[in-house]
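Trainee: Quick one: the structure is below, questions incoming.
Protein chains: 2
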Amino acid sequence: MSHPTTRLDDTIHQRARLGILAVLAESRRADFNYLRGALELTDGNLSRHLKVLEDAGYVRIEKTFEAKRPRTWASATRRGRDAFAAEIGALRALIERLDGTEATAKGKTVVQ
Amino acid sequence: MSHPTTRLDDTIHQRARLGILAVLAESRRADFNYLRGALELTDGNLSRHLKVLEDAGYVRIEKTFEAKRPRTWASATRRGRDAFAAEIGALRALIERLDGTEATAKGKTVVQ
């Protein structure tokens, strides 16, 4: 059986992008300032990672005006939610594997 | 409270490196060929990521000869095990947060 980490998707697994999709999994949409604060990212970092997710078809970006001030909203696409669910599934499998082996496999030498 | 993803360490969070440390958490040491097969990496990729982990002080590399054939062994240092445990703790927190909010927060608009 493949190791659970082989199922991780580099596009989503990256720390900031995982955070963005985690926030968007909890909400219909989130605005740029909220994401920046919640994930402790700089403007430039957040923009860059949103762009990667948008290019992958995982996130939709929408610009609105409220009281003449521009706001940028991000939401997860269906594809983004599916990819995020797959990532969380792989992380769950990794953790379950560690929990299962922790007690028995210590000290074993792994040899092919 | 900070989002759990802000606690992820870029050195360890990377897919291949997370896999290496996960295998090493389950064993005293693992040889290069075993890691390459288990994690489905190329020689070049595995070497590169082992080097990053070695430079960070998370992994120790040891070369031995058996029946005149060289073998490369990797093992996690104490520091590597601690950093891996912190990563798994952050991933657990992320998953618990998702499990806790899934039922209630759908459709919420996140605004600061």
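If you're matching them up, the sequences are chains C and U in order.
So for the first sequence, the working numbering puts the first residue at 1; every next one is plus one.
So for the second sequence, the working numbering puts the first residue at 1; every next one is plus one.
Each residue gets a CB set at the ideal place from its N, CA and C atoms; glycine is no exception.
To test your reading of the DSSP string, which unbroken alpha helix (DSSP H) runs of 4 or more residues are found completely within the region 12–96 of chain C?
Mentor: Runs of the alpha helix (DSSP H) inside the region 12–96 of chain C: 15–25, 32–38, 43–55.
Trainee: Interface residues of chain U around Gly19 of chain C at Cβ under 9 Å?
Mentor: His3, Pro4, Thr5, Thr6, Leu8, Leu94
Trainee: For Glu170 of chain U, would you say it is in contact with chain C, using Cβ-to-Cβ distances shorter than 8 Å as the test?
Mentor: Here chain U has residues from 1 to 112 only, and residue 170 of chain U is not among them.
Trainee: In chain U, which residues lie less than 7 Å from Arg15 of chain C when you measure between Cβ atoms?
Mentor: Thr5, Leu8, Asp10, His13
Trainee: On the premise that Ala30 of chain C lies in contact with Ala74 of chain C, defined as a C-beta separation below 8 Å, what is that separation, rounded to the nearest angstrom?
Mentor: 6 Å
Trainee: Kindly list the residues whose CB is nearer than 6 Å to the CB of Ala25 of chain C, restricted to its own chain and excluding five residues on each side of it in sequence; keep chain order.
Mentor: Phe84
Trainee: For Ala22 of chain C, which residues in chain U fall below 9 Å Cβ to Cβ?
Mentor: His3, Pro4, Thr5, Leu94, Arg97, Leu98
Trainee: In the structure shown, what three-state DSSP assignment does Leu98 of chain U receive?
Mentor: helix
Trainee: Using a Cβ cut-off of 7 Å, pull out every chain C residue sitting near Leu39 of chain U, in sequence order please.
Mentor: The answer, in chain order, is His3, Thr5, Thr6.
Trainee: Give me the Cβ distance between Glu87 of chain C and Ile12 of chain C, rounded to the nearest whole Å; I'm assuming they're in contact under 8 Å.
Mentor: 5 Å
Trainee: Expressed to the nearest angstrom, what Euclidean distance is found between the alpha-carbon atoms of Gly107 of chain C and Thr64 of chain U?
Mentor: The predicted model places Gly107 of chain C with a pLDDT of 48, which falls under 50 and marks its position as unreliable, so this point remains unresolved.
Trainee: Using the C-alpha atoms, what's the distance from Pro4 of chain U back to Ala90 of chain U?
Mentor: 6 Å
Trainee: Run the CB neighbour count on Ser27 of chain U, radius 10 Å, all protein chains shown included, and call it buried at 16 or more, exposed below.
Mentor: Ser27 of chain U sits buried, since 16 or more C-beta atoms from the chains shown fall within 10 Å of its C-beta.
Trainee: Does the Cβ of Gln112 of chain U have 16 or more other Cβ atoms within 10 Å, making it buried, or fewer, making it exposed?
Mentor: Residue confidence is low: Gln112 of chain U scores 39 on pLDDT, short of 50, so the model does not pin down where it sits. Its coordinate-derived value is still stated next. It counts as exposed.
Trainee: Against chain C, does Ala56 of chain U count as a neighbour if the rule is that its beta carbon must be under 8 Å from one of theirs?
Mentor: no
Trainee: Closer than 7 Å by C-beta to Leu94 of chain U: which residues in its own chain qualify, once you throw out the five before and the five after it? Chain order, please.
Mentor: Pro4, Thr5
Trainee: Determine, for Ala25 of chain U, whether the minimum Cβ-Cβ distance to residues of chain C falls below 8 Å.
Mentor: yes
Trainee: Relative to the alpha-carbon of Thr42 of chain U, which residue among U:Ala16, U:Val52, U:Pro70, U:Ser2 has its alpha-carbon at the smallest distance?
Mentor: U:Ala16
Trainee: For a test of the three-state rule: what should DSSP assign to Asp10 of chain U, helix, strand or coil?
Mentor: In the structure shown, the three-state DSSP call for Asp10 of chain U is helix.
Trainee: State the CB to CB distance for the pair Leu35 of chain U and Val23 of chain U, rounded to an integer number of angstroms; the pair is presumed to be in contact (CB under 8 Å).
Mentor: 6 Å
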